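In short: position in the sequence shown from 1, add 137, done, that's the working numbering.
In what follows, a single structure is set out as structure tokens and then discussed.
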Amino acid sequence: MIIFINGSINSGKTTVAKILFKELPNFVLVEIDAFHEMINWMPISQAVPINLENAVFAIKNFARKGINSIVPYPLSQKNYDYMMGELKAVNTKIYVFTLSPKFDKALTNRGERKLTNEEKDRIKYHYEIGIHAPNFGEIIDNSEQSPEETAKVILDKIKIA
138 MIIFINGSIN
148 SGKTTVAKIL
158 FKELPNFVLV
168 EIDAFHEMIN
178 WMPISQAVPI
188 NLENAVFAIK
198 NFARKGINSI
208 VPYPLSQKNY
218 DYMMGELKAV
228 NTKIYVFTLS
238 PKFDKALTNR
248 GERKLTNEEK
258 DRIKYHYEIG
268 IHAPNFGEII
278 DNSEQSPEET
288 AKVILDKIKI
298 A
């Protein structure tokens with residue numbers, strides 16, 4: 138099984154993915170941003186395709202070994218199409234859930250995380266291009282949910298509650 142947790146920056150993707158990771162046996166957490174950290178000197182427009190290619194390789198490798206993946210990452214339509222095209226040969230169920238808090242909620246500092254101006258600009262950009270409301274997968278408005286409640290919604294939908 139492959140579970141993508143889509144959404145803008147600060148939508149709760151990583152937090153929810155970590156909760157799912159703790160709840161689900163035989164899963165790995167594939168942090169595409171970790172691949173980006175390896176080439177953080179590269180412009181993001183050049184790094185994203187490399188990051189996605191590396192993520193596909195890792196997900197396929199885990200799947201060949203019978204290990205499931207949880208992948209938190211903001212997917213544009215183009216990147217979604219790429220990932221689905223590359224992963225279609227993997228004989229497993231693929232779920233895509235988009236966390237879509239209200240715009241004002243996404244721009245709010247939460248916990249100890251203080252958003253930088255650059256992050257706020259990326260959130261605005263993500264909402265402008267529709268990362269929060271794609272034409273694929275299931276959209277979850279998590280504006281008024283705790284991360285645990287959001288994870289429970291996902292667990293219920295994949296029938297592993």
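Glycine residues also receive a C-beta, built at the ideal position from the N, C-alpha and C atoms.
As the structure is a prediction and not an experimental result, all values here were calculated from the model.
What distance in whole Å lies between the Cβ atoms of residue j and residue i, which are believed to be in contact at a cut-off of 8 Å?
| i | j | result |
| --- | --- | --- |
| residue 141 | residue 233 | 4 Å |
| residue 231 | residue 139 | 5 Å |
| residue 172 | residue 147 | 20 Å between Cβ atoms; not a contact. |
Considering only the beta carbon of each residue, do residue i and residue j sit closer than 8 Å?
| i | j | result |
| --- | --- | --- |
| residue 143 | residue 284 | no |
| residue 213 | residue 266 | yes |
| residue 268 | residue 243 | no |
| residue 264 | residue 145 | yes |
To the nearest angstrom, report how far apart residue i and residue j are at their CA atoms.
| i | j | result |
| --- | --- | --- |
| residue 204 | residue 184 | 26 Å |
| residue 221 | residue 273 | 11 Å |
| residue 294 | residue 211 | 20 Å |
| residue 290 | residue 167 | 21 Å |
| residue 252 | residue 169 | 20 Å |
| residue 250 | residue 223 | 34 Å |
| residue 157 | residue 282 | 15 Å |
| residue 292 | residue 159 | 12 Å |
Determine the burial state of residue i: buried for a count of at least 16 other Cβ atoms within 10 Å of its Cβ, exposed for fewer.
| i | result |
| --- | --- |
| residue 262 | exposed |
| residue 162 | exposed |
| residue 287 | buried |
| residue 186 | exposed |
| residue 226 | exposed |
| residue 298 | In this prediction, residue 298 has a pLDDT of 44, which is less than 50 and means its spatial position is unreliable; nothing more can be read from the coordinates. |
| residue 246 | exposed |
| residue 188 | buried |
Is the segment 184-204 touching the segment 142-162 in the sense that three or more CB pairs, one from each, lie closer than 8 Å?
Output reads no: the segment 184-204 does not touch the segment 142-162.
Three or more C-beta pairs below 8 Å linking the segment 234-254 and the segment 176-183:
The answer is no - the segment 176-183 does not touch the segment 234-254, with fewer than three Cβ pairs under 8 Å.
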